[in-house]
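Novice:
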Amino acid sequence: MTDKEKKIKCPICKNPSEMDKEQNPYLPFCSERCRTIDLGAWLDGKYFIESDEFFMDSEM
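All residue numbers for the sequence shown refer to our numbering, where the first residue is 32 and numbers rise by one.
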């Protein structure tokens, strides 16, 4: 593999990100910052997984 093939675009900032987990523990993100931004988006409800099932917090 060439060096170019070993990189992917970070889904948050679009910068190149190493595909090797040993070199980049934040995969698929390029940094802890981008990983945290993505987590915040999930927690804010910007991302969600649609389902036909109804779920209430009280069922936990």
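Glycine included, every Cβ here is placed at the ideal spot set by N, Cα and C.
Check the DSSP bridge columns for Pro56 and list the partner residues they point to.
Specialist: Partner(s): none; Pro56 has no beta bridge.
Novice: What three-state label does DSSP hand Lys45 in the structure shown?
Specialist: coil
Novice: Closest to Lys52 by C-alpha separation, out of Cys44, Cys61, Asn46, Lys45, would be which residue?
Specialist: Cys61
Novice: Quick check on the burial criterion: 16 or more other C-beta atoms within 10 angstroms. Buried or exposed for Ser82?
Specialist: exposed
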